[in-house]
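Report on one structure; see the data block that follows.
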Amino acid sequence: MKTDLTKILTISGQSGLFLYLSQARNGVIVESLADKKRNCFGLKSKVTTLEDISIYTDEGETKLREVFTKMHEGLGDASAPSAKSPEKELQDFFAKILPDYDRDRFHVSHMKKVVTWYNILKDCASLDFETKEEAEGRQEE
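In the working numbering, the protein residues as written are 18 to 158.
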């Protein structure tokens with residue numbers, strides 16, 4: 018089954034990724050991808066879809082979807098380096114996957130998040146992403 022990145026959320030102050038389930042009166046109802054526990058986060062929580070995240074490059078920005086696709090092409094079925102890997106290892110990895118990443122604005126802390134999210138998607142969802150057309154077609158049904 019393909020992963021719809023518009024429904025995969027990151028929530029500030031929370032580790033991991035969450036699947037959007039429903040809108041609640043006072044926030045959103047989500048399910049953790051890792052342990053399948055459901056929770057409600059209020060309106061004050063900063064919730065961002067992975068579809069809306071981009072990485073700074075020398076040419077502008079590259080959508081996270083494209084970065085994940087490049088990572089998957091480069092890694093095959095292997096996992097990305099751990100977020101606990103040495104900084105140099107993470108920088109070398111992104112230099113190989115996304116050679117034009119902006120060295121001034123895409124920090125190691127961001128790299129750690131991206132590799133963590135990639136590994137969660139690899140283990141708990143799918144690295145085959147739904148296109149906007151597929152998502153729209155599914156909503157019309």
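Even for Gly, the Cβ is constructed at its ideal location relative to N, Cα and C.
In this text, all values refer to a predicted model and were calculated from it rather than measured experimentally.
Alpha helix (DSSP H) segment containing G33, residue limits: G33 -> no alpha helix (DSSP H), and no H or E assigned at all.
Run of the beta strand (DSSP E) containing G44, from where it starts to where it stops: G44 to S49 is the extent of the beta strand (DSSP E) around G44.
The segment 31-50 contacting the segment 84-98, beta-carbon criterion three pairs below 8 Å: By the criterion of at least three beta-carbon pairs nearer than 8 Å, the segment 31-50 is not in contact with the segment 84-98.
Those residues which DSSP pairs with G77 across a bridge: DSSP, once it has assigned bridges, lists T74 as partnering G77.
Heavy atom of the ligand COA within 7 Å of A97 beta-carbon: Absence of the ligand COA is noted for the structure shown, with no ligands found whatsoever.
Rounded C-alpha distance that separates I114 from L50: Going from the Cα of I114 to the Cα of L50 covers about 25 Å.
P98 classed as buried or exposed, judged by whether at least 16 other C-beta atoms fall within 10 angstroms: Classification of P98: buried, given that the 10 Å Cβ count is 16 or more.
Collapsed DSSP secondary structure at R120 in the structure displayed: Reduced to three states, the DSSP call for R120 is coil.
Cβ of Y73 within 8 Å of any chain B Cβ: The structure shown contains no chain B; it holds only a single protein chain.
Three CB pairs or more closer than 8 Å across the segment 125-140 and the segment 101-115: Taking one beta carbon from each stretch, the segment 125-140 and the segment 101-115 have 3 or more pairs nearer than 8 Å; the two touch.
Among E78, F85 and D145, nearest to R122 - alpha-carbon criterion: Of the residues E78, F85 and D145, the one whose Cα lies closest to the Cα of R122 is E78.
Simplified DSSP state of G93, which is helix, strand or coil: Looking at G93 - three-state DSSP - the assignment turns out to be coil, as it is neither helix nor strand.
Enclosing beta strand (DSSP E) for F58 [first to last residue]: Looking at the DSSP string, the run of the beta strand (DSSP E) that includes F58 is R55 to G59.
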